[in-house]
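Q: Mind looking over this structure? Questions follow.
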Amino acid sequence: MKSKPEYQCQVLGDSCLIFLFFDHISTENTQFILSLFRSLSSEKDFLDLVPAYCDIAIHFNPLLHTEQEVRIIVDQHLSKLEVKQDFLEKVHRLAVLYDGADLQRVSELTNLDEKEIVRRHSMVQYRVAMIGFLPYFPYLIGLDPTLQVPRLESPRTKVPAGSVSIAGEQTGIYPSASPGGWNLIGRMNPEKLKNLEPGDKVEFIEVKHEDQL
Amino acid sequence: MLKFIKKGLSSIYEVEDCLPSYGQQFRGLSPRGLMDQGAYAEACQLLGQHSPCVEFVLAPEIQFSEAGSIVLTGAPYGNVRLDDEILAFHKVYHVREGQILRFSQKLRGFRTYLTYMNKIAECASDERSYAQRYPEAHPQGYIRLKKGPEFAKLANPDLILEQGWQVGSQLSTMGMALTKWGDQLQLNDTKQMISSAVADGTMQMTPKGPFILLRHRQTIGGYPRIFNVISSDIDCLAQFGPRDFIRFKLLD
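Protein sequences, first through last, are from chains A and B.
To convert, count from 1 in the first sequence and add 48; that's our numbering.
To convert, count from 1 in the second sequence and add 194; that's our numbering.
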């Protein structure tokens with residue numbers, strides 16, 4: 049970086065600060081956040097770092113550190129940050145059976161037939177931007193903009209493990225059964241999610257039968 | 195060392211699971227731990243060491259399979275008996291193999307803690323009252339909030355300071371729903387936000403109303419973070435049960 053990037057520092061309670069750099073999801077923004085995440089990982093003073101699409105959260109002990117101290121450490125890292133354009137990229141090819149309970153809803157909202165939804169969802173390459181919400185839940189960027197639909201009005205109390213889902217400009221996969229508000233379009237073997245890391249690439253391969261998962 | 199004659203609604207925490215454990219949130223693992231850390235800290239101080247613990251909201255009936263020491267903390271019961279002996283809270287007792295512990299008449303609060311070890315501890319006790327331990331959970335007390343990152347999306351934020359908020363039936367170690375009769379909190383901006391980190395005590399504005407995330411929460415969320423309970427009041431939240439009234443105070 050030639051100049052220090054600007055951020056907005058958001059306060060989440062008294063023991064977490066969020067450093068917000070961007071207002072939209074993009075591959076470049078994800079690369080920046082993940083580079084800062086890797087740089088800050090060397091700090092032993094923080095309890096937890098949580099990278100997201102546009103920001104990075106720092107959980108700290110308010111009895112040991114002030115917000116000002118946390119900001120100074122982040123500024124130090126930003127001033128010497130090198131943004132890696134290409135991570136050592138692993139590509140995961142994941143088999144998906146597109147039989148999700150919300151395919152029809154997505155079809156009505158997008159005016160695309162189910163076959164076209166599957167084609168557009170499985171033709172692009174995604175990147176793992178962050179992992180969270182549930183252990184091993186990957187948030188993938190790269191969704192075709194024509195597939196953007198809102199979350200469900202009322203979240204399901206139980207989404208099955210392995211559900212492939214979309215919401216807004218995001219696609220993700222439920223690693224375990226949980227409540228959830230995303231639109232379910234397919235399912236895969238959830239065990240395969242344990243190999244994913246932030247920065248990896250993901251491709252979905254459509255299969256027609258259960259035993260191919 | 196414990197045998198459950200009746201399970202109640204209880205969870206056993208091994209000693210390594212009792213305290214929050216940090217460093218895994220980027221993988222989606224929240225720190226977890228017992229819900230009322232203050233109640234557990236008090237018990238450990240009385241026993242003289244970190245020890246395993248049973249957290250319960252509905253009393254179990256327990257038989258001790260070996261001799262040791264126990265302390266009760268958290269939500270108090272009016273009648274606790276070790277065989278025929280009446281036990282008090284906040285006091286170390288010695289137990290013998292085969293003795294049975296029974297609870298009745300929960301007085302107040304929500305979560306009770308039975309901390310135990312298979313050694314004889316020195317007899318110790320803590321004389322502070324419930325109100326001294328939980329000033330914020332007192333009927334006249336307040337849970338303290340700071341504004342969250344999406345606070346500005348609330349059309350009528352002052353509603354959170356009114357009386358009449360109650361804990362909803364959706365309540366677990368992951369979080370608690372809040373309900374209220376009459377006027378409801380409204381968002382003036384329903385544009386979906388980009389998922390970002392949440393913390394202990396984050397109050398999310400969900401389509402069903404406000405929801406406070408507790409220690410066994412997710413690490414990232416997509417609902418507006420309208421307020422955040424401060425860290426020193428998270429333990430008090432653990433003592434609110436379904437339909438309990440809850441009042442909030444907003445810090446600058």
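The C-beta atom is built at its ideal place from N, Cα and C for all residues, glycine as well.
Computed from a predicted model, the values in this text were never measured in an experiment.
Using alpha carbons as the reference points, say which of A/PRO53, A/GLU217, A/GLY228 and A/GLU156 lies closest to B/THR387.
A: What you label residue 387 of chain B is simply residue 193 of the second sequence in a count that begins at 1. Inspection of the sequence shows that residue 387 of chain B is occupied by Met rather than by Thr. It is A/GLU217 whose Cα lies nearest to the Cα of B/MET387.
Q: With a 10 Å radius around its C-beta and 16 neighbouring C-beta atoms as the bar for buried, classify B/CYS238 as buried or exposed.
A: One-based indexing of the second sequence puts residue 238 of chain B at position 44. Its Cβ being crowded by 16 or more others within 10 Å, B/CYS238 is buried.
Q: Relative to chain B, which residues along the segment 112-132 of chain A have a C-beta separation below 9 angstroms, given in chain order?
A: Those would be none; no residue qualifies.
Q: Would you tell me roughly how many angstroms separate the C-alpha atoms of B/ALA391 and A/GLN58, rounded to the nearest one?
A: By one-based count along the second sequence, residue 391 of chain B stands at place 197. By one-based count along the first sequence, residue 58 of chain A stands at place 10. One C-alpha to the other measures close to 11 angstroms.
Q: Taking 8 angstroms as the CB-CB limit, is B/PHE297 close to chain A?
A: As a working note, residue 297 of chain B is residue 103 in the second sequence. For B/PHE297, the answer is no, since every Cβ of chain A falls outside 8 angstroms of its Cβ.
Q: Would the beta-carbon of A/LEU188 fall within 8 angstroms of that of A/ALA177?
A: For the purposes of this step, residue 188 of chain A is identified with residue 140 of the first sequence, where counting begins at 1. For the purposes of this step, residue 177 of chain A is identified with residue 129 of the first sequence, where counting begins at 1. Yes; because the gap between Cβ atoms is below 8 angstroms, this pair is in contact.
Q: Quick one: measure Cβ to Cβ for B/ALA346 and B/GLN380, integer angstroms, because I've assumed they're closer than 8 angstroms.
A: Numbered from its first residue, the second sequence carries residue 346 of chain B at position 152. Numbered from its first residue, the second sequence carries residue 380 of chain B at position 186. Going by Cβ atoms, the distance from B/ALA346 to B/GLN380 rounds to 13 angstroms, so no, they are not a contact pair.
Q: For my contact list, B/ILE406 and B/MET368 are in at a C-beta cut-off of 8 angstroms; report their separation, rounded to the angstrom.
A: Working through the second sequence from its first residue, we reach residue 406 of chain B at position 212. Working through the second sequence from its first residue, we reach residue 368 of chain B at position 174. B/ILE406 to B/MET368, Cβ: 10 angstroms. No contact.
Q: Between the segment 365-393 of chain B and chain A, which residues of the former have a C-beta closer than 7 angstroms to a C-beta of the latter?
A: Those would be GLN386, ILE388, SER389, SER390, ALA391 and ALA393, in chain order.
Q: Verify the CB distance criterion: does B/VAL361 have a CB-CB separation below 8 angstroms to chain A?
A: As a position in the second sequence, residue 361 of chain B is number 167, starting the count at 1. Not one chain A Cβ lies under 8 angstroms of B/VAL361.
Q: Between A/GLY228 and the rest of its own chain, which residues show a CB-CB distance below 8 angstroms, the 5 nearest in sequence each way excluded?
A: What you label residue 228 of chain A is simply residue 180 of the first sequence in a count that begins at 1. So the qualifying residues of the chain are PRO203, ARG204, VAL207, SER211, SER213 and TYR222.
Q: Hey, is B/PRO351 close to the ligand NAD, as in C-beta under 7 angstroms from one of its heavy atoms?
A: Absence of the ligand NAD is noted for the structure shown, with no ligands found whatsoever.
Q: Considering only the alpha carbon of each residue, which of A/GLN79, A/GLU239 and A/THR194 lies closest to A/LEU160?
A: Taking the first residue of the first sequence as 1, we reach residue 160 of chain A at position 112. Among A/GLN79, A/GLU239 and A/THR194, the Cα nearest to that of A/LEU160 belongs to A/THR194.
Q: Going by the CB atoms, is the gap between B/THR413 and A/GLY220 shorter than 8 angstroms?
A: If you number the first sequence from 1, residue 220 of chain A lands on position 172. If you number the second sequence from 1, residue 413 of chain B lands on position 219. Cβ atoms of A/GLY220 and B/THR413: not closer than 8 angstroms.
Q: Run down chain C in chain order and give the residues with a C-beta less than 7 angstroms from the C-beta of A/GLN260.
A: Among the protein chains in the structure shown, which are A and B, there is no chain C.
Q: Whole angstroms are fine: how far does the CA of B/THR400 sit from the CA of A/HIS113?
A: Looking up residue 113 of chain A in the first sequence gives position 65. Looking up residue 400 of chain B in the second sequence gives position 206. Using only the alpha carbons, I get a separation of about 32 angstroms.
Q: Does the CB of B/LYS197 have a neighbour CB from chain A at under 8 angstroms?
A: One-based indexing of the second sequence puts residue 197 of chain B at position 3. By this cut-off, B/LYS197 is not an interface position.
Q: In this structure, does DSSP put A/MET49 in helix, strand or coil?
A: In the first sequence, residue 49 of chain A corresponds to position 1, counting from 1. Only weak support is given to the placement of A/MET49: the predicted model assigns it a pLDDT of 45, under 50, and the value that follows is read from those uncertain coordinates. Correct three-state label for A/MET49: coil.
Q: According to the neighbour-count rule (16 or more other Cβ atoms, all chains shown, within 10 Å of its Cβ), is B/MET229 buried or exposed?
A: Position 35 of the second sequence, counted from the first residue, corresponds to residue 229 of chain B. Classification of B/MET229: buried, given that the 10 Å Cβ count is 16 or more.
Q: Alpha carbon to alpha carbon, what distance is there between B/ASP211 and A/ASN237?
A: Your numbering for residue 237 of chain A matches position 189 in the first sequence. Your numbering for residue 211 of chain B matches position 17 in the second sequence. If I take the Cα positions, the gap works out to 29 angstroms.
Q: For the segment 255-271 of chain B, which residues have a CB atom closer than 9 angstroms to at least one CB atom of chain A, in sequence order?
A: Within the segment 255-271 of chain B, no residue qualifies.
Q: What do you reckon, are the CB atoms on B/VAL286 and B/SER245 nearer than 8 angstroms?
A: On the second sequence, residue 286 of chain B is found 92 positions in, with the first residue counted as 1. On the second sequence, residue 245 of chain B is found 51 positions in, with the first residue counted as 1. No; because the gap between Cβ atoms is not below 8 angstroms, this pair is not in contact.
Q: Where does B/TYR234 sit, in a helix, a strand or coil, going by DSSP?
A: Position 40 of the second sequence, counted from the first residue, corresponds to residue 234 of chain B. If DSSP states are grouped into helix, strand and coil, B/TYR234 belongs with the helices.
Q: Is there a C-beta anywhere in chain B that falls below 8 angstroms from the one on A/ALA225?
A: Counting from 1 along the first sequence, the entry for residue 225 of chain A is found at position 177. Cβ-Cβ to chain B under 8 angstroms: no for A/ALA225.
Q: Could you tell me which of A/ALA215, A/PRO198, A/LEU182 and A/GLN196 sits nearest to A/ALA209, measuring between CA atoms?
A: The sequence position of residue 209 of chain A within the first sequence is 161, counting from 1. Looking at the Cα atoms, A/LEU182 is the closest of the given residues.
Q: Got a sec: is the Cβ-Cβ distance from A/TYR174 to anything in chain B below 8 angstroms?
A: In the first sequence, residue 174 of chain A corresponds to position 126, counting from 1. No, A/TYR174 lies away from the interface with chain B (no Cβ there is under 8 angstroms from its Cβ).
Q: Can you list the residues of chain B that A/GLU201 reaches, using a CB-CB cut of under 9 angstroms?
A: What you label residue 201 of chain A is simply residue 153 of the first sequence in a count that begins at 1. Residues of chain B passing the Cβ test: PRO401.
Q: Quick one, which residues of the segment 222-236 of chain B are near chain A if we go by CB-CB under 7 angstroms, in chain order?
A: Within the segment 222-236 of chain B, the residues whose Cβ lies closer than 7 angstroms to some Cβ of chain A are GLY222 and LEU223, listed in chain order.
Q: So what does DSSP say about A/ALA215, is it helix, strand or coil?
A: Here the question's residue 215 of chain A lines up with position 167 in the first sequence. A/ALA215: strand per DSSP, three-state reduction.
Q: How do the segment 284-301 of chain B and the segment 408-423 of chain B stand: do at least 3 beta-carbon pairs fall below 8 angstroms, yes or no?
A: Too few Cβ pairs lie closer than 8 angstroms, so no.
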